[in-house]
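**Q**
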Ligand code: SF4
Ligand code: SF4
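Protein chains in written order, with this note's numbering: chain A, 332 to 732; chain B, 171 to 425.
(1) So residue 357 (chain B) and residue 339 (chain B) are in contact, right, with Cβ under 8 Å, and what is the actual spacing, rounded?
(2) Could you check the C-alpha separation between residue 547 (chain A) and residue 693 (chain A) for me, to the nearest Å?
(3) I believe residue 390 (chain A) touches residue 426 (chain A) by the beta-carbon criterion, under 8 Å. Please report the beta-carbon distance rounded to the nearest angstrom.
(4) Give me, in chain order, the residues of the same chain whose beta-carbon lies closer than 6 Å to that of residue 647 (chain A); leave out the 5 immediate sequence neighbours on both sides.
(5) By how many angstroms is the C-alpha of residue 358 (chain A) removed from the C-alpha of residue 687 (chain A)?
(6) Listed from N- to C-terminal order along the chain, which residues in the segment 450–470 of chain A have their beta-carbon within a distance smaller than 8 Å of any beta-carbon of chain C?
(7) Relative to the C-alpha of residue 378 (chain B), which candidate in B:389, B:328, B:317 has its C-alpha closest?
(8) If residue 444 (chain A) and residue 435 (chain A) are in contact, beta carbons under 8 Å, what's the gap, nearest whole angstrom?
(9) Taking CB distances under 8 Å as the criterion, tell me whether residue 379 (chain A) reaches chain B.
(10) Based on the DSSP secondary-structure assignment, which residues constitute the bridge partners of residue 281 (chain B)?
(11) Could you tell me the alpha carbon to alpha carbon distance between residue 223 (chain B) and residue 363 (chain A), rounded to whole angstroms?
(12) Tell me whether residue 408 (chain B) sits in a helix, a strand or coil according to DSSP, three-state version.
(13) Give a yes or no on whether 8 Å exceeds the smallest Cβ distance from residue 388 (chain A) to chain B.
(14) For ligand 2, any of its heavy atoms closer than 7 Å to the Cβ of residue 613 (chain A)?
(15) With burial defined as no fewer than 16 other Cβ atoms inside 10 Å of the residue's Cβ, what is the status of residue 238 (chain B): buried or exposed?
(16) Relative to the C-alpha of residue 618 (chain A), which residue among A:637, A:347, A:660 is closest?
(17) Report, in whole angstroms, the separation of the C-beta atoms of residue 350 (chain A) and residue 701 (chain A), which I expect to be a contact under 8 Å.
(18) For residue 583 (chain A), count the other beta carbons within 10 Å of its own beta carbon; 16 or more makes it buried, fewer makes it exposed. Which is it?
(19) Alpha carbon to alpha carbon, how far is residue 542 (chain A) from residue 567 (chain A)? Give it in angstroms, no decimals.
(20) Quick one: is residue 616 (chain A) buried, meaning 16 or more other Cβ sit within 10 Å of its Cβ, or exposed?
(21) Residues of chain B with a CB under 7 Å from the CB of residue 440 (chain A): which are they?
(22) Beta strand (DSSP E) containing residue 389 (chain B): first to last residue?
(23) Between which residues of its own chain and residue 380 (chain A) is the CB-CB distance below 6 Å, once the five residues before and five after are set aside?
(24) Between the Cα of residue 524 (chain A) and those of A:668, A:639, A:707, A:698, spot the shortest distance and give me the residue it belongs to.
(25) Helix, strand or coil for residue 583 (chain A) per DSSP?
(26) Could you tell me whether the Cβ of residue 203 (chain B) comes closer than 8 Å to any Cβ of chain A?
(27) Identify the continuous beta strand (DSSP E) that holds residue 304 (chain B) and give its terminal residues.
(28) Mind pulling the chain B residues with CB within less than 8 Å of residue 363 (chain A)?
(29) Along chain B, in chain order, which residues have C-beta atoms closer than 8 Å to that of residue 368 (chain A)?
(30) In angstroms with no decimal places, state the Cα-to-Cα distance between residue 724 (chain A) and residue 561 (chain A).
(31) At 7 Å on the CB atoms, spell out the chain A contacts of residue 331 (chain B), in chain order.
(32) Using the Cβ count rule (16 or more neighbours within 10 Å means buried), how would you classify residue 662 (chain A)?
(33) So which residues of chain A does residue 423 (chain B) contact, with C-beta pairs closer than 7 Å?
(34) Using only alpha-carbon positions, find the residue among A:336, A:713, A:704, A:696 that is nearest to residue 429 (chain A).
(35) What number of angstroms, rounded off, separates the C-alpha of residue 241 (chain B) from the C-alpha of residue 285 (chain B)?
(36) Could you round the C-beta distance between residue 334 (chain B) and residue 360 (chain B) to whole angstroms and report it? I think they count as a contact, below 8 Å.
See below:
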């Protein structure tokens with residue numbers, strides 16, 4: 332079955348070559364970082380985590396969001412998602428791999444990463460995060476593979492896989508919860524030390540993930556013969572809508588608690604994000620863009636008339652995704668470090684090198700996802716060669732490949 | 171620290187069973203105040219900083235100089251990647267919660283010496299995923315193993331005092347005069363003040379304590395009621411940095 336990933340037409344190979352090129356370019360930047368150290372990033376002794384750790388956080392959310400198709404299908408028998416579960420699982424796999432890579436590229440001594448296993452520290456949320464992420468990766472690989480290979484043989488998936496699927500549901504919640512614990516357990520960082528951080532992470536993940544999935548479905552409909560069906564798309568849209576509402580609600584809870592209580596240590600971080608602090612406005616336009624997109628997305632999603640129009644839905648999904656990416660992938664981590672322990676605002680912005688290394692990791696994720704999705708659609712006989720309908724038919728008559 | 175916590179959890183768990191959680195909400199039964207709960211036999215090293223004496227000598231950086239020299243602390247010359255084990259900060263930066271506009275000028279306008287607090291409940295130790303930083307059982311010093319550290323910088327995020335430094339680049343070219351007695355570090359690891367553990371092993375005092383021309387630094391075993399540091403803390407008013415966070419810092423500032 333796996334060989335399906337290495338059979339394809341020109342268009343497929345062209346895409347793979349493009350992604351490999353991205354990875355290659357990024358790899359050069361990473362070699363430079365390995366050689367010179369993290370000095371090639373914009374990080375500093377005060378803002379000691381930045382773009383890498385933010386991408387990690389965001390992607391844990393994307394990985395966890397697979398549960399939003401798995402749960403309705405397996406627990407509520409929502410049939411319209413039957414074709415989507417594997418898409419969700421095979422989106423989770425590259426996402427988790429990217430998470431792990433972002434952690435590794437952030438390390439000062441990546442060749443010592445095995446020390447986490449050699450000296451397991453049960454006190455450290457980072458240890459638990461590694462555990463839960465590897466477990467989640469394992470679950471999704473096994474489930475995705477078994478379900479798809481059964482589909483290929485035209486039989487029902489083996490019974491023993493069911494418990495794995497059921498476990499994967501709370502496990503998905505756990506990966507993002509533990510990721511939130513990385514931050515929310517730190518007395519040193521008032522911006523993160525809030526019980527609402529884990530729920531907020533989950534809500535934003537369950538909005539951004541399904542939004543991304545809808546966009547992927549739209550794209551796949553263009554590139555392949557795959558069609559998820561109207562019902563599935565609309566259901567995903569409703570899920571994203573609810574999650575986005577909860578997400579915005581939780582952010583507003585934070586804002587109220589922070590500003591009504593008026594504790595300076597809590598307020599400074601929000602001020603840095605939304606109005607600037609000590610003359611530093613780096614993230615201000617971004618955060619307002621994120622807020623504006625959230626409002627636009629909510630208006631579009633909450634109005635059934637708009638939500639049901641696929642073009643508008645597409646825009647709304649882009650708005651949700653970008654809004655949450657800015658919030659988690661740019662603001663969340665840096666704001667925790669600004670102002671610093673000494674009350675200073677130290678400027679941070681990712682350098683070109685940092686950005687290129689991130690492109691390498693995204694590229695690896697994209698590559699894995701392309702290969703996995705190629706397998707799905709080939710097995711299902713849903714590939715669509717770019718050329719002509721004749722070939723289309725030929726392939727249809729040999730669905731057994 | 172790991173042991174402390176485990177012990178705490180066990181004790182808390184057992185007590186919960188018998189007294190239905192009475193102790194869970196109360197203060198922790200194991201090791202918060204070293205003076206009250208620690209066995210007198212166990213050493214707990216700490217430092218008192220006499221701010222009054224220290225500010226007599228404005229602009230003095232003898233402690234920083236000697237410390238950074240003997241410990242091969244590089245001078246990167248770039249505030250973003252700076253490595254500091256002991257240094258001076260503005261009062262407001264060091265004590266954000268104690269600062270107010272009407273504070274005596276003398277205090278407000280002077281700098282204070284800061285260094286790792288060798289916290290009795292160190293968050294840096296709690297978060298480290300490789301036990302590269304740990305609290306030494308024998309005397310409470312928060313130690314660092316630069317050969318095991320993976321450079322994840324979780325400890326930097328966890329320390330509320332900005333005491334931990336990351337080597338963003340190879341520090342060796344930035345050491346003016348390498349002290350062969352003390353190891354240099356590689357890029358990608360975290361380092362900080364070690365209370366001169368290597369000197370203590372030879373029966374010496376920390377270098378900063380030794381060199382201070384004002385004799386403003388008092389170092390000793392806080393669990394020994396007869397020690398100089400205990401005597402002085404008894405007679406003078408002292409404050410600590412961000413004690414509200416529960417880290418139980420072991421650097422005491424005499425006002
Ligand atoms: S001051 Fe910071 S580095 Fe030192 S023991 Fe406390 S938490 Fe750890
Ligand atoms: S940077 Fe090193 S000492 Fe700090 S938490 Fe990571 S492994 Fe531990």
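Each residue gets a CB set at the ideal place from its N, CA and C atoms; glycine is no exception.
Keep in mind that this is a model prediction, so the values were computed, not measured.
**A** Walking through what the data contain:
(1) Your numbering for residue 357 (chain B) matches position 187 in the second chain. Your numbering for residue 339 (chain B) matches position 169 in the second chain. Sure, about 5 Å apart at Cβ, within 8 Å.
(2) Along the first chain, one-based indexing puts residue 547 (chain A) at 216. Along the first chain, one-based indexing puts residue 693 (chain A) at 362. It is roughly 16 Å from the alpha-carbon of residue 547 (chain A) to the alpha-carbon of residue 693 (chain A).
(3) Sequence index remark: in the first chain, residue 390 (chain A) carries index 59 (1-based). Sequence index remark: in the first chain, residue 426 (chain A) carries index 95 (1-based). About 5 Å; that satisfies the 8 Å criterion.
(4) The residue labelled residue 647 (chain A) in the question sits at position 316 within the first chain. Around residue 647 (chain A): 628, 631, 632.
(5) Locating residue 687 (chain A) in the first chain gives position 356, where the first residue counts as 1. Locating residue 358 (chain A) in the first chain gives position 27, where the first residue counts as 1. Cα to Cα, the separation comes out at about 8 Å.
(6) In the structure shown, chain C does not exist; the protein chains are A and B.
(7) Walking along the second chain from the start, residue 378 (chain B) turns up at place 208. Nearest of B:389, B:328, B:317 to residue 378 (chain B), Cα basis: B:389.
(8) Here residue 444 (chain A) refers to the residue found at position 113 of the first chain. Here residue 435 (chain A) refers to the residue found at position 104 of the first chain. So it is a contact: roughly 6 Å between Cβ atoms.
(9) Working through the first chain from its first residue, we reach residue 379 (chain A) at position 48. Yes, contact with chain B.
(10) Taking the first residue of the second chain as position 1, residue 281 (chain B) is located at position 111. Paired residues: B:260.
(11) Translated into the one-based positions of the second chain, residue 223 (chain B) becomes position 53. Translated into the one-based positions of the first chain, residue 363 (chain A) becomes position 32. So the two alpha carbons sit approximately 48 Å from each other.
(12) Stepping through the second chain from its first residue, residue 408 (chain B) is reached at position 238. Strand.
(13) The count along the first chain starts at 1 and reaches residue 388 (chain A) at position 57. It does not: the Cβ of residue 388 (chain A) has no partner Cβ on chain B nearer than 8 Å.
(14) Against the first chain, residue 613 (chain A) aligns to sequence position 282. No.
(15) Sequence index remark: in the second chain, residue 238 (chain B) carries index 68 (1-based). By the 10 Å Cβ count, residue 238 (chain B) comes out buried.
(16) Indexing the first chain from 1 puts residue 618 (chain A) at position 287. For residue 618 (chain A), the nearest C-alpha among the options comes from A:660.
(17) Residue 350 (chain A) sits at position 19 when you count from the first residue of the first chain. Residue 701 (chain A) sits at position 370 when you count from the first residue of the first chain. That pair is a contact at about 7 Å.
(18) What you label residue 583 (chain A) is simply residue 252 of the first chain in a count that begins at 1. By the 10 Å Cβ count, residue 583 (chain A) comes out exposed.
(19) Position 236 of the first chain holds residue 567 (chain A). Position 211 of the first chain holds residue 542 (chain A). Each residue's Cα considered, the two are about 8 Å apart.
(20) The count along the first chain starts at 1 and reaches residue 616 (chain A) at position 285. Residue 616 (chain A) should be labelled exposed.
(21) Reading the first chain from its first residue, position 109 is the one you call residue 440 (chain A). The answer, in chain order, is 319, 320, 321, 358, 359.
(22) On the second chain, position 219 is the one that residue 389 (chain B) refers to. 387–391 is the extent of the beta strand (DSSP E) around residue 389 (chain B).
(23) Against the first chain, residue 380 (chain A) aligns to sequence position 49. Closer than 6 Å at Cβ, skipping near neighbours: 664.
(24) Counting from 1 along the first chain, the entry for residue 524 (chain A) is found at position 193. Cα-wise, what sits closest to residue 524 (chain A) is A:668.
(25) Translated into the one-based positions of the first chain, residue 583 (chain A) becomes position 252. Three-state DSSP puts residue 583 (chain A) in a helix.
(26) Here residue 203 (chain B) corresponds to residue number 33 of the second chain, with the count starting at 1. Residue confidence is low: residue 203 (chain B) scores 43 on pLDDT, short of 50, so the model does not pin down where it sits. No coordinate-derived value is stated.
(27) Translated into the one-based positions of the second chain, residue 304 (chain B) becomes position 134. In the DSSP assignment, residue 304 (chain B) falls within the beta strand (DSSP E) that extends over 303–305.
(28) As a first step, residue 363 (chain A) is located in the first chain; it is residue number 32 there, counting from the start. For residue 363 (chain A), no chain B residue has a C-beta closer than 8 Å to its own C-beta; the minimum C-beta separation is roughly 12 Å.
(29) Translated into positions along the first chain, residue 368 (chain A) becomes position 37. The answer, in chain order, is 337, 338, 339, 340, 357, 358.
(30) In the first chain, residue 724 (chain A) corresponds to position 393, counting from 1. In the first chain, residue 561 (chain A) corresponds to position 230, counting from 1. The predicted position of residue 724 (chain A) is uncertain, since its pLDDT is 43 and thus under 50; no value can be drawn from it.
(31) Your numbering for residue 331 (chain B) matches position 161 in the second chain. Residues of chain A passing the Cβ test: 672.
(32) Taking the first residue of the first chain as position 1, residue 662 (chain A) is located at position 331. Buried.
(33) Indexing the second chain from 1 puts residue 423 (chain B) at position 253. None at all; the shortest Cβ gap to chain A is about 16 Å.
(34) Here residue 429 (chain A) refers to the residue found at position 98 of the first chain. Per the Cα distances, A:696.
(35) Along the second chain, one-based indexing puts residue 241 (chain B) at 71. Along the second chain, one-based indexing puts residue 285 (chain B) at 115. Those two C-alpha atoms are separated by around 14 Å.
(36) Against the second chain, residue 334 (chain B) aligns to sequence position 164. Against the second chain, residue 360 (chain B) aligns to sequence position 190. Going by Cβ atoms, the distance from residue 334 (chain B) to residue 360 (chain B) rounds to 5 Å, so yes, they are a contact pair.
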